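When we follow this note's numbering, the leftmost residue of the sequence shown carries the number 2, and every step to the right adds one.
From the three backbone atoms N, C-alpha and C, an ideal C-beta is built for every residue, glycine too.
From a predicted model like this one, the values you see are computed outputs, not experimental measurements.
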Amino acid sequence: MDLCVASNIKVKEKRERQPNWTEAEKQLLLSLTRIHQVILENKGSDTMTIKRKSEAWDDIAINMRAAGYQRSKDRLKQQLGRIRAAEAKKVKDAIAKSFAQDNKNLTLHGCSSEPMVQDQAINVQNFHVMPPPMQEVAIKIEKAISLDDFETSDKQINKNEHEYFGITDPISSSTPNNHRVIKRMYEEPQFLNVNSALRVETGTGNYETQPPNMSTSQNNNYKCNCKPKKLRHIRLRINGHSPRTHSQRVRQLHLYRVAVERERLKILRMQQKRDRIFYRKDKQILNLKLQILRNLALNRINHINFT
């Protein structure tokens with residue numbers, strides 16, 4: 002007995018494969034949909050809106066066929082949805098990437114290689130509320146411009162030396178207060194363990210505390226027995242360099258102005274390049290529209306001649 006039975010399986014016909022979409026075809030579809038943008042983006046579901054949408058898609062399909070692209074309405078709708086989804090994904094990825102880069106820059110800017118003892122308990126998330134790097138640049142620029150305000154003379158340095166080592170100076174009354182505060186911030190002498198007592202080993206093996214050999218005046222100013230070191234005038238440094246003379250400060254200000262002008266010209270060139278790209282795209286779209294109108298006119302002429 003033969004067990005082989007012929008099966009009645011119907012072989013499905015293969016779907017006709019259409020050619021891939023080219024960039025010119027996509028741009029033409031986008032330019033045609035912009036003409037009917039108001040109708041296609043209408044969210045209404047009434048009969049008149051559906052009829053207008055169908056007529057708009059019919060017009061788009063006719064214009065595509067006139068340009069030499071044989072696509073159905075369903076294929077055009079699917080391709081338009083894919084193009085919009087791809088553009089939305091690109092925008093979303095760009096926004097996410099920019100946010101991640103900004104958060105990374107803020108985190109790196111907030112952290113320091115040698116943190117202070119009181120800053121060790123700060124959470125890393127608190128660094129996100131710090132100002133962006135653009136504000137730091139503005140602060141540096143303000144310091145560079147106001148450098149002349151912190152200039153001090155030799156008389157003020159000598160006055161500070163006399164003041165800290167108990168020597169009176171008749172010029173101290175004419176010295177501005179702001180220079181005095183700034184000099185104290187940078188040149189105040191440091192006394193290590195002033196209030197701590199000294200422990201001296203006695204002959205019996207015990208330790209004996211002795212007060213430090215320092216005299217205290219009525220105004221609570223400490224006087225050191227050792228030879229005083231010469232205090233140096235510490236200037237405000239910017240970018241690791243300290244301009245000493247007026248010509249160097251003028252040159253630094255000139256270099257800063259040159260850098261600002263270069264940055265402005267760079268931004269201007271980028272904007273001009275962007276405008277040229279937009280103008281080129283608009284020109285291409287206009288040429289495509291003119292080509293479509295030319296093809297429509299030729300088709301009408303040929304149709305009239307054939308009839």
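Rounded separation between residue i and residue j - CA only
{"i": "residue 95", "j": "residue 87", "result": "12 Å"}
{"i": "residue 26", "j": "residue 38", "result": "18 Å"}
{"i": "residue 251", "j": "residue 30", "result": "60 Å"}
{"i": "residue 45", "j": "residue 70", "result": "30 Å"}
{"i": "residue 35", "j": "residue 64", "result": "13 Å"}
{"i": "residue 28", "j": "residue 57", "result": "17 Å"}
{"i": "residue 43", "j": "residue 92", "result": "23 Å"}
{"i": "residue 262", "j": "residue 253", "result": "14 Å"}
{"i": "residue 256", "j": "residue 271", "result": "23 Å"}
{"i": "residue 99", "j": "residue 85", "result": "21 Å"}
{"i": "residue 306", "j": "residue 276", "result": "45 Å"}
Cβ-based burial, residue i [other Cβ within 10 Å; buried from 16]
{"i": "residue 302", "result": "exposed"}
{"i": "residue 101", "result": "exposed"}
{"i": "residue 51", "result": "exposed"}
{"i": "residue 134", "result": "Bear in mind that the predicted position of residue 134 carries a pLDDT of just 44, short of 50, making it too unreliable to give a figure here."}
For residue i, the three-state DSSP class (helix, strand or coil)
{"i": "residue 127", "result": "The predicted model places residue 127 with a pLDDT of 45, which falls under 50 and marks its position as unreliable; any figure quoted below should be read in that light. It is helical."}
{"i": "residue 42", "result": "coil"}
{"i": "residue 72", "result": "coil"}
{"i": "residue 47", "result": "coil"}
{"i": "residue 21", "result": "coil"}
{"i": "residue 304", "result": "helix"}
{"i": "residue 37", "result": "coil"}
{"i": "residue 245", "result": "coil"}
{"i": "residue 260", "result": "helix"}
Whole-number beta carbon distance between residue j and residue i, since they are thought to touch under 8 Å
{"i": "residue 54", "j": "residue 33", "result": "Wrong, their Cβ atoms sit about 14 Å apart, outside the cutoff."}
{"i": "residue 68", "j": "residue 293", "result": "6 Å"}
{"i": "residue 74", "j": "residue 62", "result": "5 Å"}
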